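Take a look at the structure set out below.
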Amino acid sequence: DVKVTQSSRYLVKRTGEKVFLECVQDMDHENMFWYRQDPGLGLRLIYFSYDVKMKEKGDIPEGYSVSREKKERFSLILESASTNQTSMYLCASSGDREKETQYFGPGTRLLVL
Amino acid sequence: GEDVEQSLFLSVREGDSSVINCTYTDSSSTYLYWYKQEPGAGLQLLTYIFSNMDMKQDQRLTVLLNKKDKHLSLRIADTQTGDSAIYFCAESIWRDDKIIFGKGTRLHILP
Numbered sequence: 025d026v027k028v029t030q031s032s033r034y035l036v037k038r039t040g041e042k043v044f045l046e047c048v049q050d051m052d053h054e055n056m057f058w059y060r061q062d063p064g065l066g067l068r069l070i071y072f073s074y075d076v077k078m079k080e081k082g083d084i085p086e087g088y089s090v091s092r093e094k095k096e097r098f099s100l101i102l103e104s105a106s107t108n109q110t111s112m113y114l115c116a117s118s119g120d121r122e123k124e125t126q127y128f129g130p131g132t133r134l135l136v137l
Numbered sequence: 828g829e830d831v832e833q834s835l836f837l838s839v840r841e842g843d844s845s846v847i848n849c850t851y852t853d854s855s856s857t858y859l860y861w862y863k864q865e866p867g868a869g870l871q872l873l874t875y876i877f878s879n880m881d882m883k884q885d886q887r888l889t890v891l892l893n894k895k896d897k898h899l900s901l902r903i904a905d906t907q908t909g910d911s912a913i914y915f916c917a918e919s920i921w922r923d924d925k926i927i928f929g930k931g932t933r934l935h936i937l938p
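As given, the protein sequences belong to chains U and C, one line each in that order.
With my numbering as the guide, the letters of the first sequence map in order to residues 25 to 137.
With my numbering as the guide, the letters of the second sequence map in order to residues 828 to 938.
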């Protein structure tokens, strides 16, 4: 079974803090994704990565950056958290052999005060 | 442009069938998916259908695809309280590695 884990289920941060969200997958998947999920807006793609050290902007990259130093790990970074970044963050991964199918982590609910 | 539309809410009595509908706009979609999200959890891949298929059945789940109308549906037979969740329709496009998600349909089960 594919396993995608996220470092925290719940996180509370203050405005201006730097925030790291970590995602790890154990299936040697090449592709990893970060989404945020907000009521009424569904899932929106923030960033994705096809390979180590590679990153591509998604639909809403502003205010975020990412890091992929190892194949199994994809980090989402909020350089200076703002209240409008309060959201549920979902990580996903997919393998090149089954590129179309993404497997999701449990999500991190971030509250920025 | 790429767009996936689904109604936001569906209420069904326990034991009845639930039918969740979805429409998409891109005719070059390759796979169409249904994901389930239970409260406080991530998205779980429920089932998917390749775009050259009309129907796929998996136990209580039936997926119907009308490619001409770009309409996808998920039927859950004998709906149980454990089926209460948000169901996301999604499509992948052959020329792109991203998946486009709908906004999700919240399925509410009445006793």
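A virtual CB, placed ideally from N, CA and C, is assigned to each residue, including glycine.
In this text, all values refer to a predicted model and were calculated from it rather than measured experimentally.
Since residue i meets chain C, which of its residues come closer than 7 angstroms, beta carbon to beta carbon?
i: residue 126 of chain U; result: 926
My output table needs one value for residue i: the three-state DSSP class, helix, strand or coil.
i: residue 140 of chain U; result: What is shown of chain U runs 25 to 137, which leaves residue 140 of chain U out entirely.
i: residue 879 of chain C; result: coil
i: residue 886 of chain C; result: coil
i: residue 852 of chain C; result: coil
i: residue 125 of chain U; result: coil
i: residue 907 of chain C; result: coil
i: residue 107 of chain U; result: helix
By a C-beta neighbour count over all protein chains shown, 10 Å radius and 16 as the cutoff for buried, is residue i buried or exposed?
i: residue 53 of chain U; result: buried
i: residue 884 of chain C; result: exposed
i: residue 931 of chain C; result: buried
i: residue 879 of chain C; result: exposed
i: residue 925 of chain C; result: buried
i: residue 102 of chain U; result: buried
i: residue 98 of chain U; result: buried
i: residue 55 of chain U; result: buried
i: residue 36 of chain U; result: exposed
Which same chain residues end up closer than 7 angstroms to residue i when comparing Cβ atoms and leaving out the 5 residues on each side of it in sequence?
i: residue 938 of chain C; result: 841
i: residue 108 of chain U; result: none
i: residue 68 of chain U; result: 59, 60, 83, 84
How would you list, in chain order, the residues of chain U whose beta-carbon sits under 7 angstroms from the beta-carbon of residue i?
i: residue 870 of chain C; result: 114, 128
In chain U, what lies closer than 8 angstroms to residue i by C-beta?
i: residue 930 of chain C; result: 64, 65, 66
Would you mind telling me which residues of chain C sit closer than 8 angstroms to residue i, beta carbon to beta carbon, in chain order?
i: residue 87 of chain U; result: Those do not exist, as residue 87 of chain U stays about 20 angstroms from chain C at its closest Cβ, beyond 8 angstroms.
i: residue 69 of chain U; result: 925
Identify, in the order they occur along the chain, each residue of the same chain with its Cβ nearer than 8 angstroms to the Cβ of residue i, setting aside the five sequence neighbours on each side.
i: residue 77 of chain U; result: 92, 93
i: residue 74 of chain U; result: 54, 55, 80
Sorted by chain position, which residues of the same chain lie with C-beta nearer than 6 angstroms to residue i's C-beta, five sequence neighbours on each side aside?
i: residue 928 of chain C; result: 915, 917
i: residue 50 of chain U; result: 27
i: residue 126 of chain U; result: 116, 118
i: residue 935 of chain C; result: 838
At a CB-CB cut-off below 9 angstroms, which residues of chain C make contact with residue i?
i: residue 131 of chain U; result: 864, 867, 868, 869, 870
4-residue-minimum alpha helix (DSSP H) runs that sit fully inside the stretch 29-66 of chain U, ordered along the chain: none
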